[in-house]
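Chemist:
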């Protein structure tokens with residue numbers, strides 16, 4: 003516990019996810035509303051969720067994080083796409099007399115989908131609630147020592163799960179959600195921030211784990227029309243390329259996520275794992291930051307920092323794109 007810097011509440015803001023089979027399609031329809039995503043694509047993604055009992059891990063991970071927090075403030079929780087919805091939470095905060103809250107968003111990086119869209123969500127929720135409290139989004143924390151320490155510990159644990167002969171030569175393969183190249187180019191005040199921040203986080207984790215170890219940053223969960231370029235290479239394609247180079251073991255490190263999403267458990271634990279098995283590669287996956295003690299304590303440390311300056315209106319503009327894949 004420490005300074006709360008003038009805030010009288012903490013608001014955890016996340017993506018949301020279904021928690022039973024009948025939730026899945028309504029949740030996906032919320033995610034893609036207004037984007038013209040074909041029904042067959044929704045059915046394909048729905049099958050991923052149903053393969054896990056219709057439950058995304060993200061909501062429970064938010065509950066676990068909230069339970070672990072040690073802050074001198076009431077803690078609220080609101081999601082973009084599923085219960086508890088952000089608008090409902092802001093209304094409850096207003097009714098409880100909250101005047102100024104800090105918002106901790108479960109996304110660490112600069113881009114439209116991981117920062118600007120959450121700012122828009124908060125603004126929309128406040129506009130829907132007359133007399134809503136002021137809500138200040140806490141800063142990006144991709145390079146915060148708490149986040150880095152959590153991911154370094156989890157990467158070491160994943161390395162230790164490899165057979166002894168594979169452990170020493172294992173490549174660290176850092177993964178993050180792919181985004182359209184046009185969005186990546188406009189991320190941050192001067193552009194390119196999403197990729198630059200991810201590379202910095204990967205460098206810091208590698209330094210903590212094994213400074214001389216080879217590592218790569220690759221992408222997962224690419225979607226959208228094939229004519230629209232997204233960040234590459236895809237993680238499965240990269241595993242095949244590594245195998246062709248003679249690499250026989252790897253650790254997947256989902257550095258782009260702070261908690262497990264369906265992309266993590268399906269795209270990495272199912273699809274990437276199947277690719278590695280086909281290739282005969284030894285593969286393990288590091289946990290996301292989750293409720294690691296240093297990640298949990300980081301939230302209180304962010305609360306105690308000076309209030310961050312608001313993002314410029316031109317920072318991370320909304321992309322112009324014909325379609326978007328649900329899930330993150």
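Residue numbers (my numbering): 3 to 330. We put the beta carbon where it would ideally sit given N, CA and C, even for glycine.
Note down the Cα distance separating residue 320 from residue 182, rounded to an integer number of angstroms.
Modeler: 11 Å
Chemist: Which residues does DSSP pair with residue 11 in a beta bridge?
Modeler: Under DSSP, the beta-bridge partners assigned to residue 11 are 103.
Chemist: Quick one: which unbroken alpha helix (DSSP H) runs of 4-plus residues sit fully inside the region 217-282? Chain order, please.
Modeler: Whole alpha helix (DSSP H) segments, 4+ residues: 237-247, 275-281.
Chemist: My output table needs one value for residue 312: the three-state DSSP class, helix, strand or coil.
Modeler: Residue 312: coil per DSSP, three-state reduction.
Chemist: With a threshold of 8 Å, are at least 3 pairs of Cβ atoms found where one atom belongs to the region 213-223 and the other to the region 232-246?
Modeler: yes
Chemist: Use the C-beta contact count for residue 99: other C-beta atoms within 10 angstroms, 16 or more gives buried, fewer gives exposed.
Modeler: It counts as exposed.
Chemist: Three or more C-beta pairs closer than 8 Å, one from the region 143-160 and one from the region 7-15: is that the case here?
Modeler: no
Chemist: Under 8 Å between the Cβ atoms of residue 79 and residue 68?
Modeler: Cβ atoms of residue 79 and residue 68: closer than 8 Å.
Chemist: Rank 227, 271, 285, 272 by C-alpha distance to the C-alpha of residue 37 and give the top, closest one.
Modeler: 227
Chemist: In this structure, how does DSSP classify residue 22 when only helix, strand and coil are distinguished?
Modeler: coil
Chemist: What is the DSSP secondary structure of residue 174, reduced to helix, strand or coil?
Modeler: strand
Chemist: Give me the residue from 147, 6, 269 with the minimum Cα distance to residue 2.
Modeler: Nothing can be reported for residue 2, as the shown portion of the chain is limited to 3 through 330.
Chemist: Should residue 45 be labelled buried (16 or more other beta-carbon atoms within 10 Å of its own) or exposed?
Modeler: If you draw a 10 Å sphere on the C-beta of residue 45, you find fewer than 16 other C-beta atoms in it, and that means exposed.
Chemist: What is the DSSP secondary structure of residue 60, counted as helix, strand or coil?
Modeler: helix
Chemist: Please state whether DSSP places residue 301 in a helix, a strand or coil.
Modeler: helix
Chemist: Report the residue from 131, 65, 120, 70 whose alpha carbon sits nearest the alpha carbon of residue 91.
Modeler: The shortest C-alpha separation from residue 91 is found at 131.
Chemist: So, with DSSP's three-state summary, where would you put residue 78?
Modeler: Residue 78 falls in the strand class under three-state DSSP.
Chemist: Helix, strand or coil: how does DSSP classify residue 2 here?
Modeler: Residue 2 is absent from the structure shown; the chain starts at 3 and stops at 330.
Chemist: Starting from residue 286, follow its DSSP beta bridges and name the residues at the other end.
Modeler: 253
Chemist: Taking C-beta to C-beta, are residue 110 and residue 284 nearer than 8 Å?
Modeler: At the C-beta level, residue 110 and residue 284 stay beyond 8 Å of one another.
Chemist: Can you tell me whether residue 39 is buried or exposed? The criterion is at least 16 other CB atoms within 10 Å of its CB, across all chains shown.
Modeler: buried
Chemist: Please report how far the alpha carbon of residue 108 lies from the alpha carbon of residue 250, in whole angstroms.
Modeler: Residue 108 and residue 250 have their alpha carbons spaced roughly 33 Å apart.
Chemist: Please work out which residues of its chain come closer than 8 Å, Cβ to Cβ, to residue 9, disregarding the five sequence neighbours upstream and downstream, and give them in chain order.
Modeler: Shown here for residue 9: same chain residues with a beta carbon closer than 8 Å to its own, the five before and five after excluded, namely 75, 102, 103, 104, 138, 305 in chain order.
Chemist: Do residue 153 and residue 207 have their C-beta atoms within less than 8 Å of each other?
Modeler: yes
Chemist: Pick out the complete alpha helix (DSSP H) segments inside the region 177-212, 4 residues or longer, and give them in chain order.
Modeler: 183-187, 195-212
Chemist: Taking 8 Å as the cut-off, decide whether the C-beta atoms of residue 117 and residue 318 are in contact.
Modeler: yes
Chemist: Three or more beta-carbon pairs under 8 Å between the region 251-260 and the region 157-166, yes or no?
Modeler: yes
Chemist: Can you tell me whether DSSP reads residue 307 as helix, strand or coil?
Modeler: coil
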